[in-house]
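Asker: When the letters of the sequence shown are read in order and numbered with UniProt numbering, they come out as residues 1 to 390.
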Amino acid sequence: MDLQKTDALVIGAGTVGSMALWQLSKREGLDVVGIEQYGRVHAHGSYVGESRVFRTAVHEGGTYVRMIQRSRDLWRELEKESGRDIYSEVGCLSIAPEGFPDLETALGTVREYDIPHRTLSTEELRKEFPQHTIFDGDVGLLDEHGGGLRPEVAVMSALDLAEANGARLFFNTPVIGIEERSDGVVVRTTQGSWLADTVVLASGSWSTRLSPELDDLLRLQVLGLTWFMPKEPGLFVPEKFPAFLRDAGPVHFFGAPSFDGYAFKACTNPEWPVFRDVADVPTHHTREELIKIGQRAAELFEGLNPEPVRESVHHCAYTPDRLPVVDRSASGRLVTIAGLSGHGFKFSPQLGEWAAQLVAGEESTVDPRFALPERMKVLAERGPYTGGGH
Ligand SMILES: Cc1cc2nc3c(=O)[nH]c(=O)nc-3n(C[C@H](O)[C@H](O)[C@H](O)COP(=O)(O)OP(=O)(O)OC[C@H]3O[C@@H](n4cnc5c(N)ncnc54)[C@H](O)[C@@H]3O)c2cc1C
């Protein structure tokens, strides 16, 4: 077999892959290759859909705060280096009934880590955010460092910068197999094979196809996106309408301001089962699902037309407790980053930086709980992910 050689090869040029390539390309003297099954920024990855919520007041508690704060610096760096707008710091507003557990956790996090924020009473919410229908007993938390990220622009920018720094990127080239050997990792693609000193596996929802070890650990959750037209679009522009998380009874909505000037994103997920392979994931909402989402959205936003003007359905690989996998194999030659569990876009720059540090054998601050053996212990205790909130 004729093998092309490189120092570091990244499989998947999506969210984690693009950030890893950007960081690796900054290491002097390192030959870096990226291989992507689709084109440069495509419509199939877990990053697709115009915006992603960025928040430091994470409901999941303090585990992520340092990763997110580091990522905030790196998002700014990516904007500076690329000259593109990626991160709109318009705030992220959580609205829920007073005492709602996720809100309480987020409040605890902002206080513990001194994250800039404001709390809002029912009356303050009604006065300052008339776009939301506020129920008696609702309270708010405005995370002032939160906002909206532009995922497609972010991935494109990181890839462009990696390439400008000398990384070689290959598109429309599916990887069909990997094999760790003593002299490196062999990566077989539809267009020839590579021998790399180190490989970063960043293939998202497709990871189980290349790494059977992940097969029991990861499950695919379906996530749908919907955009609605409000009567007064001027009220939903980023300057007036922060990204949001909304809990009302059993309903959880999340979304972003209007970036296109006529519609804003407001999404909730129907009860979809979890899947094992991307090929089985539905590609659209059903008519009934869209009608139901529209009815719920109309109850939560003022002057909203209940018919979505855009909709799409996506997937993301989840671990049982939603902590990611960040692992370096015993030989040190295979770095795996997977299972971003529906909330990992915001901290993907930190994951990319860790990937580069692990490849280069540098010190890093990776949480030891993210290592594969630890993740497998959680799997043994809890069983695989079976579904749940955004
Ligand atoms: C609808 C939706 C909404 C979300 N909302 C938020 C949010 O508001 N905030 C937040 O922080 N996170 C959010 N997330 C989560 C976040 O977007 C994902 O966790 C993240 O994008 C996953 O990144 P990834 O690198 O693992 O996968 P991807 O970005 O999908 O990248 C994987 C890449 O690998 C490529 N690939 C796979 N297999 C191969 C192969 N064999 N050969 C070559 N290339 C291959 C794929 O084509 C793809 O480009 C959301 C996710 C979804 C789906």
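Glycine residues also receive a C-beta, built at the ideal position from the N, C-alpha and C atoms. Keep in mind that this is a model prediction, so the values were computed, not measured.
Does the pairing of the segment 273-283 with the segment 76-93 give three or more beta-carbon distances under 8 Å?
Answerer: Touching, no, given that fewer than three Cβ pairs across the two stretches are closer than 8 Å.
Asker: Please return the same chain residues whose Cβ sits closer than 7 Å to the Cβ of F296, not counting the five positions on each side in sequence.
Answerer: If you number the sequence shown from 1, residue 296 lands on position 296. The amino acid at residue 296 is misidentified as Phe; the sequence shows Arg. Around R296: V251 and T268.
Asker: Check whether the segment 214-225 touches the segment 338-347, counting contact only when three or more Cβ pairs, one atom from each stretch, lie closer than 8 Å.
Answerer: The segment 214-225 is in contact with the segment 338-347.
Asker: Considering Cα atoms alone, identify which of L214, V278, V237 and I178 is closest to T190.
Answerer: Start at 1 with the first residue of the sequence shown, and residue 190 comes out as number 190. Of L214, V278, V237 and I178, the residue nearest in Cα terms is I178.
Asker: Tell me whether E163, by its Cβ, gets closer than 7 Å to a heavy atom of ligand 1.
Answerer: Counting from 1 along the sequence shown, the entry for residue 163 is found at position 163. No, the Cβ of E163 stays beyond 7 Å of every heavy atom of ligand 1.
Asker: Is DSSP giving I11 helix, strand or coil here?
Answerer: As a first step, residue 11 is located in the sequence shown; it is residue number 11 there, counting from the start. The answer is strand: DSSP assigns I11 an E or B state.
Asker: L107: which of P130, F253, K80 and V65 sits nearest, CA to CA?
Answerer: Position 107 of the sequence shown, counted from the start, is the residue given in the question as residue 107. Looking at the Cα atoms, V65 is the closest of the given residues.
Asker: What is the DSSP secondary structure of S88, counted as helix, strand or coil?
Answerer: Sequence index remark: in the sequence shown, residue 88 carries index 88 (1-based). It is a strand residue.
Asker: Which residue's Cα is closest to the Cα of residue 393: T226, L9 and L225?
Answerer: Here the chain comprises residues numbered 1 to 390, so residue 393 is not present and cannot be evaluated.
Asker: On a CA-only basis, which of S157, F264, K292 and T365 is nearest Q131? Give me that one, please.
Answerer: Within the sequence shown, residue 131 is the residue found at index 131, counting from 1. Among S157, F264, K292 and T365, the Cα nearest to that of Q131 belongs to F264.
Asker: Using the three-state DSSP reduction, which class does D102 fall into: helix, strand or coil?
Answerer: By 1-based counting over the sequence shown, the position of residue 102 is 102. Helix, per DSSP.
Asker: Exposed or buried, what is A154 when buried is set at 16 or more other beta-carbons lying within 10 Å of its beta-carbon?
Answerer: Taking the sequence shown and counting its residues from 1, the one referred to as residue 154 is at position 154. Classification of A154: buried, given that the 10 Å Cβ count is 16 or more.
Asker: Could you give the DSSP three-state label for Q4: helix, strand or coil?
Answerer: If you number the sequence shown from 1, residue 4 lands on position 4. If DSSP states are grouped into helix, strand and coil, Q4 belongs with the strands.
Asker: By the three-class DSSP mapping on this structure, what secondary structure does K265 have?
Answerer: For the purposes of this step, residue 265 is taken as the residue at position 265 of the sequence shown. Strand.
Asker: Distance, Cα to Cα, V359 vs Q4?
Answerer: Residue numbering aside, residue 359 sits at position 359 when the sequence shown is read from its first letter. Residue numbering aside, residue 4 sits at position 4 when the sequence shown is read from its first letter. Roughly 19 Å separates the two Cα atoms.
Asker: What would DSSP say about I293, mapped onto helix, strand or coil?
Answerer: Stepping through the sequence shown from its first residue, residue 293 is reached at position 293. In this structure, I293 counts as helix in the three-state DSSP scheme.
Asker: With respect to the beta strand (DSSP E) encompassing T226, which residues constitute its N-terminal and C-terminal limits?
Answerer: Here residue 226 corresponds to residue number 226 of the sequence shown, with the count starting at 1. First-last of the beta strand (DSSP E) with T226: R219 to F228.
Asker: Can we say the segment 366-378 touches the segment 321-334, given the rule of at least three CB pairs closer than 8 Å?
Answerer: These segments touch.
Asker: For the segment 181-190 against the segment 240-258, do three or more pairs of beta-carbon atoms, one drawn from each stretch, fall closer than 8 Å, so that the two count as touching?
Answerer: No, they do not touch.
Asker: CB G137 to CB P174, shorter than 8 Å?
Answerer: Numbered from 1 along the sequence shown, position 137 holds the residue referred to as residue 137. Numbered from 1 along the sequence shown, position 174 holds the residue referred to as residue 174. No, these two residues do not count as a Cβ contact at 8 Å.
Asker: Apart from the five residues on each side of it in sequence, which residues of its chain come closer than 7 Å, Cβ to Cβ, to R126?
Answerer: One-based indexing of the sequence shown puts residue 126 at position 126. Excluding sequence neighbours, R126 sits near I134.
Asker: Just reading off the beta strand (DSSP E) that W354 is part of, what are its end residues?
Answerer: Taking the first residue of the sequence shown as position 1, residue 354 is located at position 354. Unbroken run through W354 is the alpha helix (DSSP H), S348 to V359; no beta strand (DSSP E).
Asker: Just to confirm, are V32 and S25 a CB contact at a threshold of 8 Å?
Answerer: Position 32 of the sequence shown, counting from 1, holds the residue named residue 32. Position 25 of the sequence shown, counting from 1, holds the residue named residue 25. Yes, the pair counts as a contact, with Cβ atoms nearer than the cut-off.
Asker: Quick one: does the C-beta of C92 sit closer than 7 Å to a heavy atom of ligand 1?
Answerer: For the purposes of this step, residue 92 is taken as residue 92 along the sequence shown, with counting starting at 1. Not so, every heavy atom of ligand 1 lies at least 7 Å from the Cβ.
Asker: Rounded to the nearest angstrom, what separates F54 and R333 at their Cα positions?
Answerer: Looking up residue 54 in the sequence shown gives position 54. Looking up residue 333 in the sequence shown gives position 333. Spanning the two alpha carbons is a distance of roughly 32 Å.
Asker: Hey, how far is the Cα of F301 from the Cα of D280?
Answerer: Stepping through the sequence shown from its first residue, residue 301 is reached at position 301. Stepping through the sequence shown from its first residue, residue 280 is reached at position 280. Each residue's alpha carbon lies about 33 Å from the other.
Asker: Measuring alpha carbon to alpha carbon, tell me which residue in G204, D114 and L235 is nearest H315.
Answerer: Within the sequence shown, the letter at position 315 stands for residue 315. Out of G204, D114 and L235, G204 has the C-alpha closest to the C-alpha of H315.
Asker: Nearest-angstrom Cα distance between F241 and H145?
Answerer: Reading the sequence shown from its first residue, position 241 is the one you call residue 241. Reading the sequence shown from its first residue, position 145 is the one you call residue 145. If you take the alpha carbons of F241 and H145, they lie about 14 Å apart.
Asker: Cβ atoms of L21 and D7: under 8 Å apart, would you say?
Answerer: Within the sequence shown, residue 7 is the residue found at index 7, counting from 1. Within the sequence shown, residue 21 is the residue found at index 21, counting from 1. It is not a contact, given that the beta carbons lie outside the stated cut-off.
Asker: My assumption, with CB atoms under 8 Å, is that M1 sits in contact with Q350. Please give the rounded CB distance.
Answerer: For this step, residue 1 is matched to residue 1 along the sequence shown. For this step, residue 350 is matched to residue 350 along the sequence shown. Not a contact, Cβ separation roughly 36 Å.
Asker: Note down, in chain order, each residue of its chain lying with its Cβ closer than 6 Å to the Cβ of E77, except the 5 sequence neighbours on either side.
Answerer: Sequence index remark: in the sequence shown, residue 77 carries index 77 (1-based). Hits under 6 Å: none found.
Asker: Is the separation between the beta-carbon of L214 and that of F345 shorter than 8 Å?
Answerer: As a working note, residue 214 is residue 214 in the sequence shown. As a working note, residue 345 is residue 345 in the sequence shown. Going by C-beta atoms, L214 is not nearer than 8 Å to F345.
Asker: Do R246 and F236 have their C-beta atoms closer together than 8 Å?
Answerer: To locate residue 246, count along the sequence shown from 1; it is residue 246. To locate residue 236, count along the sequence shown from 1; it is residue 236. Cβ distance not < 8 Å, so R246 and F236 don't count as in contact.
Asker: State yes or no: is the C-beta of A356 within less than 8 Å of the C-beta of Q37?
Answerer: By one-based count along the sequence shown, residue 356 stands at place 356. By one-based count along the sequence shown, residue 37 stands at place 37. Not closer than 8 Å, so no.
Asker: Considering just the uninterrupted stretch of the alpha helix (DSSP H) at A154, what are its terminal residues?
Answerer: For the purposes of this step, residue 154 is taken as the residue at position 154 of the sequence shown. P151 to A164 is the extent of the alpha helix (DSSP H) around A154.
Asker: Using only the heavy atoms of ligand 1, determine whether one of them is closer than 7 Å to the beta carbon of F345.
Answerer: In the sequence shown, counting from the first residue as 1, residue 345 sits at position 345. Yes, ligand 1 has a heavy atom inside 7 Å of this Cβ.
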